[in-house]
Amino acid sequence: MLSVNIICVGKLKESYLRDAIDEYSKRMRTLCRLSIIELPEERSSDDPSAAEIGRVISAESERIMQKLGKGDYVIAMCVEGRNISSEELSAKLEDISMRSSTVDLIIGGSWGLSDELKSRADFKLSMGKMTFPHQLCRVMLLEQVYRAFQISKGTKYHK
125 MLSVNIICVG KLKESYLRDA IDEYSKRMRT LCRLSIIELP EERSSDDPSA
175 AEIGRVISAE SERIMQKLGK GDYVIAMCVE GRNISSEELS AKLEDISMRS
225 STVDLIIGGS WGLSDELKSR ADFKLSMGKM TFPHQLCRVM LLEQVYRAFQ
275 ISKGTKYHK
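When you line the sequence shown up against my numbering, it's residues 125 to 283, in that order.
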């Protein structure tokens, strides 16, 4: 059974987002070994300089890097990543499960991920050109991973 780690920066603040995460997590218990790893956000001023933004990205990315296993397949969520369909994500996860026992899906903080972390990623994935709150991205990603497993199983969830 594939281990799926969603490694993300920040805690979910809104109860409706936590409820959605709980629901998808419950649904996925028979499909994979799911872990959601929340890492602390780096503090910054209200109007950070470019240097401060760089410091924040670096610190958050370093914390993420410490959570990655040596043989894990790493997918970085980033705007320059590829846009793929739900069916393509399903096929990707099936392929990953043949080569690795663990996939790490990374959602960085509001300023993104370091270039070093992105270069460590085996695949870069984007949710599109629109901007979404990072907390909502976590729910959307978890739903898509759940959908990918349902597609692989051939269920009616994906129409």
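In this text, a Cβ means the ideal position worked out from N, Cα and C, and glycines have one as well.
Everything numeric in this text was worked out from a predicted model, so none of it was measured.
Contact annotation: the segment 196-203 touches the segment 232-246, with at least three C-beta pairs closer than 8 Å. In the DSSP assignment, residue 254 falls outside any alpha helix (DSSP H) and carries neither an H nor an E.
Boundaries of the alpha helix (DSSP H) harbouring residue 175: 174-189, taken from the DSSP string. Proximity to residue 160 across 178, 170 and 135 peaks at 135, based on C-alpha coordinates. Distance from the Cα of residue 188 is smallest, within the candidate group 252, 254, 133 and 271, for 133.
Rounded to whole angstroms, the gap between the alpha carbons of residue 152 and residue 164 is 25 Å. Counted as a single uninterrupted DSSP element, the beta strand (DSSP E) harbouring residue 200 occupies residues 197-206. Assignment of beta-bridge partners to residue 159 by DSSP yields 129.
Listed in chain order, the non-local C-beta contacts of residue 252 below 7 Å within the same chain comprise 207, local neighbours out to five positions each way being set aside.
Cβ atoms of residue 266 and residue 130 come within 8 Å of each other, at about 7 Å. Proximity to residue 222 across 195, 204 and 176 peaks at 195, based on C-alpha coordinates. Under the three-state reduction of DSSP, residue 216 is assigned to helix.
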